[in-house]
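Student: Take the sequence shown: its position 172, counting from 1, is numbered 172 in the working numbering, and each next residue is one higher.
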Amino acid sequence: MAVRTAATWGLFAAWTLHEAEEAAVMARWLRQNLPRLQERFPRVRQETWDRLRDDMTPGRVRTAIGLMGLIMAAAAAEGHRTGGRSRLYQAALAGYGWHGLIHLGQSLALRGYTPGVATAPVVVLPFSLWAWRELLRSDVPHDLGRASAAAAVLFPVGLASAHAVAKAVLSGEKPGPPPGRLARGSRRR
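1) Please report the straight-line C-alpha distance between Ser86 and Gly79, rounded to a whole angstrom.
2) To which residues of the same chain is Val123 closer than 7 Å at the C-beta, ignoring the five residues directly before and after it?
3) Under DSSP, the alpha helix (DSSP H) around Met26 begins and ends at which residues?
4) Got a sec? Which residues, its chain only, sit under 7 Å from Pro179 by beta carbon, not counting five neighbours each side?
5) Evaluate Phe127 with the Cβ neighbour count: other Cβ atoms within 10 Å of its Cβ, from every protein chain shown; 16 or more gives buried, anything less gives exposed.
6) Confirm, please, whether the CB-CB distance from Leu135 to Ala76 is below 8 Å.
7) Here's a check: name, in chain order, each residue in its chain whose Cβ is nearer than 8 Å to the Cβ of Arg187, leaving out the five neighbours to either side.
8) Are the region 38-55 and the region 142-161 touching by the rule of at least three beta carbon pairs closer than 8 Å?
9) Using three-state DSSP, classify His142 as helix, strand or coil.
10) Which value, in whole angstroms, describes the spacing of the CA atoms of His103 and Val117?
11) Could you spell out where the alpha helix (DSSP H) holding Tyr113 opens and where it closes?
12) Quick check on the DSSP output: the alpha helix (DSSP H) that includes Gly68 runs from which residue to which?
13) Inspect the beta-carbon positions of Thr63 and Val157 and report whether they are closer than 8 Å.
14) Do Glu125 and Gly100 have their CB atoms nearer than 8 Å?
15) From what residue to what residue does the alpha helix (DSSP H) around Arg53 run?
16) Compute the Euclidean distance between the alpha carbons of His142 and Leu70, then round it to the nearest angstrom.
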């Protein structure tokens with residue numbers, strides 16, 4: 001039995017919905033919550049916080065998300081081409097599901113909203129569970145353990161690479177104002 005197209009290309013569609021939330025709020029959320037994060041995690045060195053603040057500009061965040069989108073589109077296309085049998089597709093699907101759980105964990109740890117948590121329980125996790133059931137229903141050979149192990153290696157490499165390329169491409173972009181301060185000419189709404 002063939003796996004439905006919705007289970008393969010749906011990975012990219014669900015990823016896009018989820019990432020739209022992150023793209024819309026991540027840079028601003030980080031700037032507004034950086035003091036709170038520094039207080040909550042005092043062992044993190046100040047240089048790390050400074051680098052994070054400087055690197056997570058709206059342009060860099062959106063560029064990195066777009067680059068990860070290329071990886072997710074390739075995984076979805078490969079999943080479609082192979083009827084869900086692709087190891088790349090299965091690793092991306094596993095990583096996407098674990099990514100949703102990480103969002104929930106981050107919000108629990110910080111006791112509040114974190115970018116991505118609004119769509120994690122209504123898009124990421126339901127789609128991931130449905131797609132794995134679809135592979136099972138279609139008798140597609142799959143191994144969640146192996147796919148999860150591959151995702152544990154590939155996800156951080158893909159994420160770090162996307163951010164490094166975004167930083168290189170947008171190296172002249174200036175970081176936004178520190179929390180509580182406005183750039184010249186901007187107004188509060």
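Backbone N, C-alpha and C fix where the C-beta goes; we use that ideal spot for every residue, glycine too.
Tutor: With the structure as the only source:
1) Roughly 5 Å between the two C-alpha positions.
2) Scanning its chain for C-beta atoms nearer than 7 Å, with the 5 sequence neighbours on each side dropped, one finds around Val123 the residues Ala14, Leu17, His18, in chain order.
3) Counting along the chain, the unbroken alpha helix (DSSP H) around Met26 starts and ends at 5-40.
4) Any reading at Pro179 must be qualified, since the residue scores a pLDDT of 49, below 50, and its modelled position is unreliable; the value itself is stated next. Cβ within range, chain order: Arg31, Gln32, Leu34, Pro35.
5) Answer is buried; the Cβ neighbour count reaches 16.
6) In this structure, Leu135 does not lie closer than 8 Å to Ala76 by Cβ.
7) Confidence at Arg187 is low in this model, with a pLDDT of 44, below 50, so the placement of that residue is unreliable and no value is reported for it.
8) They do not touch, by the three-pair rule.
9) If DSSP states are grouped into helix, strand and coil, His142 belongs with coil.
10) Approximately 5 Å between the Cα atoms of the pair.
11) No alpha helix (DSSP H) contains Tyr113, which DSSP labels as neither H nor E.
12) Sequence inspection shows Met at residue 68; the Gly mentioned does not correspond to that position. For Met68, the enclosing alpha helix (DSSP H) covers residues 58-81.
13) Not closer than 8 Å, so no.
14) Just to set this straight, residue 125 is Leu in the shown sequence, not Glu. Against a cut-off of 8 Å, the Cβ pair of Gly100 and Leu125 comes out as a contact.
15) Boundaries of the alpha helix (DSSP H) harbouring Arg53: 46-55, taken from the DSSP string.
16) Between His142 and Leu70, the C-alpha separation is close to 23 Å.
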